[in-house]
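Peer 1:
Okay, structure coming up:
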């Protein structure tokens with residue numbers, strides 16, 4: 006087994022996903038199968054191979070640092086689940 | 002011939018001669034959608050009023066002599082494209098109430114040419130899937146056989162073209178999400194080279210692999226749509242600043258003297274007999290058209306699916322961190338603090354496949370596993386990309402099947418994620434290499450299901466890809482349309 010229940014619970018916490026007991030159970034088996042499959046990458050010797058992050062080689066893209074009009078707060082808040090005083094409202098962070 | 006059976010270039014003639022109006026054409030499409038969509042489920046949102054307003058505006062432009070190939074043409078968009086004022090769900094419950102505040106660059110470019118947007122198309126949630134079964138809006142049914150999947154993730158985009166619910170559509174392709182559904186629905190689909198088309202305003206799945214492309218009734222329409230959306234966009238720093246060729250100007254140049262490679266790793270034992278036969282006949286057609294057929298090898302092909310499912314899920318786990326119930330989308334708060342709100346929102350909002358991929362990606366990036374999984378996969382990606390660059394030293398194009406089988410049945414692979422992932426075995430390497438690929442119809446199986454032929458081109462050689470596809474399309478006749486219940 007490459008994947009244990011405890012690991013699934015740990016990764017779910019990192020990913021901010023509340024999983025049900027059933028989901029933990031099912032996902033442990035499914036992720037274990039996928040990790041078993043991806044194991045085959047270890048058949049390849051990749052010593053000294055440069056990793057590819059982007060297939061098209063490119064340099065950093067810079068633009069001129071110029072001020073432009075922005076769309077404004079009302080526009081930015083139009084899809085907010087909760088907003089107040091021109092801010093996104095969230096549950097209390099600090100007691 | 003029905004109005005709704007026609008191509009962009011045919012309809013353009015009739016619009017510019019004044020024989021039909023865009024409003025009449027748009028009404029015909031809206032009626033067709035109403036008749037057929039209970040059967041297909043290709044649309045998540047139908048934009049009747051906005052489409053008719055777009056059409057009326059297009060008619061005004063046409064009357065004033067201002068007509069482009071796309072002016073007045075009814076198109077539809079995968080529900081992954083932000084489109085101002087329209088609901089954009091990305092096939093997810095978590096964006097159920099989301100209304101786009103702006104247009105993706107590609108959408109803005111279509112609108113500037115006077116295209117009419119009929120609506121937003123069904124898809125696998127966050128473009129994760131190969132069957133369109135992972136949608137909060139329910140599965141799309143293949144217009145050729147309602148018990149079968151249309152492919153995914155752009156299943157709605159392919160099915161809508163096949164069912165004549167739009168003249169052409171836009172989709173996105175991260176591991177085959179345009180080409181595989183195009184093959185399963187018998188339409189033409191093109192995944193451009195990474196960087197050819199702007200991703201700005203397209204909801205991100207795996208940012209180093211995602212690319213926007215057209216699905217259409219024929220190769221010429223595909224070329225027209227690509228020409229309309231391609232090109233540098235300062236708002237997408239990964240879009241590439243190089244001129245967009247006039248794809249239509251070279252479309253009919255033929256394949257005489259072209260060298261077409263057959264990667265031997267793509268003609269494997271598991272290949273369906275009908276698919277193999279159709280692709281072999283296609284090879285003969287190209288020989289007859291004057292192309293030289295050459296055997297080539299892409300030795301790392303067998304590692305592509307494993308490589309993809311680490312890179313794509315890692316990028317997805319990062320991209321999907323934004324769905325936290327704070328700035329947009331659905332929030333679930335049961336009074337357990339901020340972290341609890343995140344966890345409950347994401348648990349309630351994401352479907353099973355999305356959760357699975359976030360979990361896999363988070364694991365591959367997590368402390369202690371990063372080198373073994375993510376970094377390893379990025380190194381293997383280099384080898385896969387190099388395979389293609391080496392092959393293109395000797396050939397102009399590669400020819401392969403799109404998928405190992407025709408469309409499979411709804412429900413057949415839902416309980417076995419690994420089998421589902423393996424249905425993208427021939428399309429995934431193209432995304433990892435960052436180059437371009439096209440799917441076009443090359444026959445029907447014994448069960449009457451469409452089979453797709455894949456052509457793979459050099460980076461930024463979409464013009465050559467379209468030329469070769471057009472030559473095949475005009476030498477053959479696979480333009481048969483599926484009969485829906487509504488047509489009988």
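Chains as they are written, first to last, in the numbering used here: chain B, 6 to 100; chain Z, 2 to 489. All residues carry an ideal CB built from backbone N, CA and C; glycine is no exception.
Between residue 9 of chain B and chain Z, is any beta-carbon pair separated by less than 8 angstroms?
Peer 2: So, not an interface residue.
Peer 1: Out of Z/245, Z/77, Z/390 and Z/239, point me to the one whose CA is closest to residue 51 of chain Z's CA.
Peer 2: Answer by Cα proximity: Z/77.
Peer 1: Taking the C-alpha atoms as reference points, what is the distance between residue 234 of chain Z and residue 426 of chain Z?
Peer 2: Each residue's alpha carbon lies about 31 angstroms from the other.
Peer 1: Are the Cβ atoms of residue 7 of chain B and residue 46 of chain B separated by less than 8 angstroms?
Peer 2: Taking 8 angstroms as the Cβ cut-off, residue 7 of chain B and residue 46 of chain B do not qualify as a contacting pair.
Peer 1: Can you tell me which of Z/354, Z/433 and Z/145 puts its alpha carbon nearest to the alpha carbon of residue 321 of chain Z?
Peer 2: Minimum Cα distance to residue 321 of chain Z is reached at Z/354.
Peer 1: Which stretch, first to last residue, makes up the alpha helix (DSSP H) that contains residue 444 of chain Z?
Peer 2: Note, residue 444 of chain Z: premise wrong, no alpha helix (DSSP H); beta strand (DSSP E) at 437 to 445.
Peer 1: Going by DSSP in three states, residue 119 of chain Z sits in which element: helix, strand or coil?
Peer 2: Of the three classes helix, strand and coil, the one that applies to residue 119 of chain Z here is strand, per DSSP.
Peer 1: If residue 82 of chain Z and residue 202 of chain Z are in contact, beta carbons under 8 angstroms, what's the gap, nearest whole angstrom?
Peer 2: Yes, residue 82 of chain Z and residue 202 of chain Z are in contact; Cβ-Cβ is about 7 angstroms, under 8 angstroms.
Peer 1: Examine chain B for any beta-carbon lying closer than 8 angstroms to the beta-carbon of residue 307 of chain Z, and answer yes or no.
Peer 2: Answer yes: the Cβ-Cβ gap between residue 307 of chain Z and chain B drops below 8 angstroms somewhere.
Peer 1: Whole angstroms is fine: what's the gap from residue 74 of chain B's alpha carbon to residue 236 of chain Z's?
Peer 2: One C-alpha to the other measures close to 15 angstroms.
Peer 1: Does the beta-carbon of residue 74 of chain B, which I'm using as the reference point, lie nearer than 7 angstroms to any heavy atom of the ligand NAD?
Peer 2: Because no ligand of any kind appears in the structure shown, any question about the ligand NAD cannot be addressed here.
Peer 1: What is the DSSP secondary structure of residue 414 of chain Z, reduced to helix, strand or coil?
Peer 2: If DSSP states are grouped into helix, strand and coil, residue 414 of chain Z belongs with coil.
Peer 1: Count the C-beta pairs between the stretch 109 to 122 of chain Z and the stretch 409 to 429 of chain Z that are closer than 8 angstroms, then say yes if the count reaches three, no if not.
Peer 2: Not touching, per the Cβ criterion.
Peer 1: Could you give the DSSP three-state label for residue 84 of chain B: helix, strand or coil?
Peer 2: Three-state DSSP puts residue 84 of chain B in coil, outside helix and strand.
Peer 1: Please tell me whether residue 51 of chain B has its Cβ less than 8 angstroms away from any Cβ of chain Z.
Peer 2: True, the Cβ-Cβ gap to chain Z drops below 8 angstroms.
Peer 1: What does residue 60 of chain B touch in chain Z if you count any residue whose Cβ is under 9 angstroms from its own?
Peer 2: Those are 194, 195, 196, 209, 210, 382, 386, 432, 433, 434, 435, 436 and 460, listed as they occur along chain Z.
Peer 1: At the 8 angstroms Cβ level, is residue 323 of chain Z part of the contact set with chain B, yes or no?
Peer 2: By this cut-off, residue 323 of chain Z is not an interface position.
Peer 1: Tell me, please, whether the CB atom of residue 262 of chain Z is closer than 8 angstroms to any CB atom in chain B?
Peer 2: It does not; no Cβ of chain B falls within 8 angstroms.
Peer 1: Determine, for residue 57 of chain B, whether the minimum Cβ-Cβ distance to residues of chain Z falls below 8 angstroms.
Peer 2: Closer than 8 angstroms to some Cβ of chain Z, the Cβ of residue 57 of chain B qualifies, so yes.
Peer 1: Jot down the residue ranges of each uninterrupted beta strand (DSSP E) in the stretch 248 to 318 of chain Z, minimum 3 residues, whole runs only, in chain order.
Peer 2: Qualifying beta strand (DSSP E) stretches, in chain order: 260 to 264 and 293 to 297.
Peer 1: Any idea what DSSP makes of residue 382 of chain Z, helix, strand or coil?
Peer 2: Residue state, collapsed to three classes: helix.
Peer 1: Beta-carbon separation of residue 374 of chain Z and residue 272 of chain Z under 8 angstroms?
Peer 2: No, they are not a contact pair.
Peer 1: Please state the DSSP three-state secondary structure of residue 399 of chain Z.
Peer 2: Three-state result, residue 399 of chain Z: strand.
Peer 1: With a Cβ-Cβ cutoff of 8 angstroms, do residue 71 of chain Z and residue 9 of chain Z count as a contact?
Peer 2: Taking 8 angstroms as the Cβ cut-off, residue 71 of chain Z and residue 9 of chain Z qualify as a contacting pair.
Peer 1: Tell whether a beta-carbon distance below 8 angstroms holds between residue 276 of chain Z and residue 406 of chain Z.
Peer 2: Contact: yes.
Peer 1: If I follow the unbroken beta strand (DSSP E) through residue 455 of chain Z, where does it start and stop?
Peer 2: First-last of the beta strand (DSSP E) with residue 455 of chain Z: 451 to 458.
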